[in-house]
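J.:
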Amino acid sequence: MLVVEIDGDTVHQETPAEAHARTTMLLHEGVYFERLKASECETEEKALQSAKKIMSVLTKIKSTR
Numbered sequence: 001m002l003v004v005e006i007d008g009d010t011v012h013q014e015t016p017a018e019a020h021a022r023t024t025m026l027l028h029e030g031v032y033f034e035r036l037k038a039s040e041c042e043t044e045e046k047a048l049q050s051a052k053k054i055m056s057v058l059t060k061i062k063s064t065r
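Numbering (the working numbering), first residue to last: 1 to 65.
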């Protein structure tokens with residue numbers, strides 16, 4: 001399982017420690033996380049590149065199983 005989080009570039013206030021506390025339960029269950037900045041998805045072209053990046057991550061995860 002992969003969770004994709006898109007962080008707002010100007011409104012994201014969560015610290016890395018807070019993010020870790022929020023996701024620890026899922027991490028311990030083997031869930032993978034990938035984080036993107038909102039600016040990485042602000043145009044159709046950038047969104048397509050981000051989707052390709054996510055698919056690459058999924059391929060790597062799948063190959064390790």
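All C-beta atoms, glycine included, are put in the ideal place defined by N, C-alpha and C. Keep in mind that this is a model prediction, so the values were computed, not measured.
(1) Nearest-angstrom Cα distance between Arg22 and Gly30?
(2) So, helix, strand or coil for Glu34, using DSSP?
(3) Hey, how far is the Cα of Tyr32 from the Cα of Thr64?
(4) DSSP three-state label for Glu40, please.
(5) Taking Glu5 as part of the beta strand (DSSP E), name the residues at either end of that continuous run.
T.: The short version:
(1) Their Cα atoms are separated by approximately 15 Å.
(2) DSSP places Glu34 in the strand class (E or B) of the three-state scheme.
(3) Near 13 Å, if we compare the C-alpha coordinates of Thr64 and Tyr32.
(4) Glu40 falls in the helix class under three-state DSSP.
(5) Its beta strand (DSSP E) spans residues Leu2 to Asp7.
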